[in-house]
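K.L.:
Positions -29 to -1, 1 to 519 (mature numbering (1 follows the signal peptide of the UniProt record, and there is no 0)) are the ones given, in order, by the sequence shown.
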Amino acid sequence: MSEFSFRSLTFMLLIALLVWSSNFEACMARRGRHWRQSRAASASSLSKKKGKSSHSGGSSHHNSGGSSGSKPKSPSHNKAPSPSHNKAPSPPHNKAPSPSHNKAPSPPHNKAPSPPQLPKPRDDTPQKGSSSFNVLDFGAKGDGSTDDTKAFQAAWAAACKVEASQIIVPAAYKFLVGPISFSDPYCQPNILFQLDGTIIAPTDSKSWGKGLLQWLEFTKLRGITVQGKGLIDGRGSSWWQDTPYGDPIDDDFKLIVPLNSTAQQHPPMPIRSELSGKMPSIKPTALRFYGSFNVTVTGITIQNSPQCHLKFDNCAGVLVHDMSVSSPGNSPNTDGIHLQNSKQVLIHTTNLACGDDCISIQTGCSDVYVHNVNCGPGHGISIGSLGRDNTKACVSNITVRDIIMHNTMNGVRVKTWQGGSGSVQGVLFSNIQVSEVQLPIVIDQFYCDKSQCKNQTSAVALSGITYERIRGTYTVKPVHFACSDSLPCVDVTLNGIELKPVQEQYHMYEPFCWQTFGELRTPTVPPIACLQIGKPSSNRVNSDHDVC
């Protein structure tokens, strides 16, 4: 019995030892490769569970900003990066950012504003495909005589439905196009108008009815680019020869007196021919953009517009570069580029030759940066005229620099009407090279392009206007500052002014200042002793009437 018990006990111990040995090997195996695979599988399983939880759980911390049931949003690839120091970020090409994202900060007083941050021009080349629409495919003939207006309308209607589409106006064709508006409240953004051919305006009065304010118009678009090597020809001579005698004439002609005359009230008007009355009295602008965001015009040439060549009204984020405007110096009211109620505007590397202001900056404009522009012939670069018919005008943060002007009437000018209100402030004119310019530096607060204007006490307030490095030659008067009696110009700064006379066919005059206060930072050539140093002793306090 005892022998049996001993054997039984030994057998049981042996079995127990075998079982323990087996468990030990399994435990060691779990510490090796098999355990790591198991751990990786477990982690993968856990990740999947967490992913499902974040997609479905409204209380997830990763989705705390969204509503229940929505997926967490990944960072947008179209978002503009935060600007680094002294470097403007490159905004997206495929999304029109809010104008507020493009706004340049206001500069310190008398310091050049930073250029507005604008979308880079699209560098697209025309490509055939579902997003490319050639006007020839819509029935345009391009022979210069057939009316292609409907073909352009049809091409636009098709392109308007496709984001980032292209309208192609091919080279080697001349398209006769009547007044047309490229617009649609449901147009997709970022449309490219590739202009390599020529577009010409009709010259028969029937096409214009009783008169229109624009010929080619782009309205209420988000991201519109007009680019190419093409030409827009307004064929304006038929309008200019028919100029009514009541058309406005630049009032600063009153300052220019020929040597063989005691006064020149107005320049000679075109001789009225047998065609008198042929065209409507209202003249169109050749190319106008209205109510649009992120507008680019580059490469093209606009010539011989009946009135303004290129106009931006109520636009934000405007870029104009490497383009040309061309019309005769005696073509009436043919401004090169006209800005009104527009913000964040950059104009550079452009040639402007016309019969009025190369660039005119009207009320409602701010954050405008103009540089590397050739101007002439023309009437220079002007802010205004402002305050006409007792209106309120607001202009601020304007920089005009690195400009070449040749054979222009004015250089850089601010012009306002009596009776207006509002203000012009934060203006810098810098590094302007003038050659045979009649009036290089002008402030005229008594502007009037009508036959007569009554004297009024209210005026647009002018302050913080800096002229630096204005150099070259003049033919009438180097400086003309005519400021309001009731609201003098203040903080007018002159620095590095060197202007030498060139005798031509006009009487020449010394610098003139009236109610103009500021400082001379350096000696000037010629001496401008008429500028009153400091501030006026009885300057009227600005009221709500002046605040913008």
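We put the CB at the ideal spot given by N, CA and C, even for glycine.
1. Near His342, which residues of its chain fall below 6 Å by C-beta distance, leaving aside the five closest residues on each side in sequence?
2. Taking the C-alpha atoms as reference points, what is the distance between Ile375 and Cys329?
3. Does the beta-carbon of Ala323 have 16 or more other beta-carbons within 10 angstroms, so that it is buried, or is it exposed?
4. How far does the alpha helix (DSSP H) with Ser209 in it reach, from first residue to last?
5. Within this structure, are the beta carbons of Val289 and Thr321 separated by less than 8 Å?
6. For Gln348 and Ser101, I'd like the C-alpha separation in whole angstroms.
7. Roughly how far, in whole angstroms, is the beta-carbon of Thr437 from the beta-carbon of Ser406, given that I think they are within contact range, below 8 Å?
8. Entirely within the segment 292 to 322 and at least 3 residues each: give me those beta strand (DSSP E) ranges in chain order.
9. List the endpoints of the continuous beta strand (DSSP E) containing Trp186.
10. Could you tell me which of Gly201, Ile220, Ile138, Asp114 sits nearest to Asp293, measuring between CA atoms?
11. Just to confirm, are Thr487 and Cys454 a CB contact at a threshold of 8 Å?
12. Rounded to whole angstroms, how far is the Cβ of Gly115 from the Cβ of Gly168, which I believe are closer than 8 Å?
13. By a C-beta neighbour count over all protein chains shown, 10 Å radius and 16 as the cutoff for buried, is Ser263 buried or exposed?
14. From what residue to what residue does the alpha helix (DSSP H) around Lys121 run?
15. Is it buried or exposed for Glu188, if we count other Cβ within 10 angstroms and need 16 for buried?
16. Could you give the distance in angstroms between the alpha-carbon of Pro449 and the alpha-carbon of Phe483?
17. Can you list, in chain order, the residues of its chain whose CB lies under 8 Å from that of Gln311, leaving out five sequence neighbours each side?
18. Excluding five sequence neighbours on each side, which residues of the same chain lie with their C-beta closer than 6 Å to the C-beta of Glu118?
19. Return helix, strand or coil for Arg492, following the three-state DSSP convention.
20. Less than 6 Å between C-beta atoms, sequence neighbours within five positions excluded: which residues of the same chain meet that for Val413?
21. With DSSP as the reference, label Cys519 as helix, strand or coil.
22. Determine the contact status of Val463 and Gly489, defining contact as a CB-CB distance below 8 Å.
23. Leaving out five residues on either side along the sequence, give the residues of the same chain with a beta carbon under 6 Å from the beta carbon of Ala142.
24. Quick one: what does DSSP say Leu178 is sitting in, helix, strand or coil?
25. Taking only three categories from DSSP, how would you classify Leu147?
26. How about the segment 126 to 138 and the segment 153 to 162: do they share at least three Cβ pairs that are nearer than 8 Å?
27. Let's see if you can read the secondary structure: which residues bound the beta strand (DSSP E) around Trp485?
28. What residue does the beta strand (DSSP E) around Asp338 start on, and which one ends it?
29. When the Cα atoms are used, what is the spatial distance from Asn426 to Cys519?
30. Buried or exposed: Val473, going by 16 or more other Cβ atoms within 10 Å of its Cβ?
P.N.:
By the coordinates alone:
1. Taking the sequence shown and counting its residues from 1, the one referred to as residue 342 is at position 371. So the qualifying residues of the chain are His319, Arg372, Asp373.
2. If you number the sequence shown from 1, residue 375 lands on position 404. If you number the sequence shown from 1, residue 329 lands on position 358. Roughly 11 Å separates the two Cα atoms.
3. What you label residue 323 is simply residue 352 of the sequence shown in a count that begins at 1. In the sequence on display, residue 323 carries Leu and not Ala. Buried.
4. As a working note, residue 209 is residue 238 in the sequence shown. Where Ser209 is concerned, the enclosing alpha helix (DSSP H) stretches over 208 to 211.
5. Numbered from its first residue, the sequence shown carries residue 289 at position 318. Numbered from its first residue, the sequence shown carries residue 321 at position 350. No, Cβ-Cβ distance for Val289 and Thr321 is not below 8 Å.
6. As a working mapping, residue 348 is identified with position 377 in the sequence shown. As a working mapping, residue 101 is identified with position 130 in the sequence shown. For the record, residue 348 in the displayed sequence is Pro; it is not Gln. So the two alpha carbons sit approximately 44 Å from each other.
7. As a first step, residue 437 is located in the sequence shown; it is residue number 466 there, counting from the start. As a first step, residue 406 is located in the sequence shown; it is residue number 435 there, counting from the start. With a Cβ gap of about 22 Å, Thr437 and Ser406 do not count as contacting.
8. 295 to 297, 308 to 311
9. The residue labelled residue 186 in the question sits at position 215 within the sequence shown. Segment 185 to 190, the beta strand (DSSP E) holding Trp186.
10. The residue given as residue 293 occupies position 322 in the sequence shown. Checking every option, the nearest Cα to that of Asp293 belongs to Gly201.
11. Start at 1 with the first residue of the sequence shown, and residue 487 comes out as number 516. Start at 1 with the first residue of the sequence shown, and residue 454 comes out as number 483. Yes, they are a contact pair.
12. If you number the sequence shown from 1, residue 115 lands on position 144. If you number the sequence shown from 1, residue 168 lands on position 197. Between Gly168 and Gly115 the Cβ distance is about 10 Å, and since that is not below 8 Å, they are no contact.
13. Within the sequence shown, numbered from 1, the residue matching residue 263 stands at position 292. Buried: at least 16 other Cβ atoms inside 10 Å.
14. Numbered from its first residue, the sequence shown carries residue 121 at position 150. Here the alpha helix (DSSP H) through Lys121 covers 120 to 130.
15. The sequence position of residue 188 within the sequence shown is 217, counting from 1. Per the 10 Å Cβ criterion, buried.
16. As a first step, residue 449 must be located in the sequence shown, where it is residue number 478. As a first step, residue 483 must be located in the sequence shown, where it is residue number 512. When rounded, the distance between both Cα atoms is 9 Å.
17. As a working note, residue 311 is residue 340 in the sequence shown. Excluding residues within five positions, the ones whose Cβ falls inside 8 Å are Lys282, Phe283, Asp284, Asn285, Gln333, Thr334, Gly335, Cys336.
18. Position 147 of the sequence shown, counting from 1, holds the residue named residue 118. In the sequence under discussion, the amino acid at residue 118 is Asp, which differs from the Glu named in the question. Once the five neighbours on either side are set aside, the close Cβ partners of Asp118 are Leu147.
19. Here residue 492 refers to the residue found at position 521 of the sequence shown. Of the three classes helix, strand and coil, the one that applies to Arg492 here is coil, per DSSP.
20. Sequence index remark: in the sequence shown, residue 413 carries index 442 (1-based). Within the same chain, Val413 has close Cβ partners Asn381, Arg384, His451.
21. For the purposes of this step, residue 519 is taken as residue 548 along the sequence shown, with counting starting at 1. The answer is coil: DSSP assigns Cys519 none of H, G, I, E or B.
22. Position 492 of the sequence shown holds residue 463. Position 518 of the sequence shown holds residue 489. Yes.
23. Within the sequence shown, residue 142 is the residue found at index 171, counting from 1. So the qualifying residues of the chain are Asp167, Gly168.
24. Residue mapping note: residue 178 aligns to position 207 of the sequence shown, counting from 1. Note on identity: in this sequence residue 178 is Ser, with Leu being the wrong assignment. Ser178 falls in the helix class under three-state DSSP.
25. If you number the sequence shown from 1, residue 147 lands on position 176. Here Leu147 sits in strand by DSSP.
26. yes
27. The count along the sequence shown starts at 1 and reaches residue 485 at position 514. 483 to 485 is the extent of the beta strand (DSSP E) around Trp485.
28. By one-based count along the sequence shown, residue 338 stands at place 367. Its beta strand (DSSP E) spans residues 336 to 346.
29. Against the sequence shown, residue 426 aligns to sequence position 455. Against the sequence shown, residue 519 aligns to sequence position 548. About 24 Å.
30. Here residue 473 refers to the residue found at position 502 of the sequence shown. Val473 comes out exposed.
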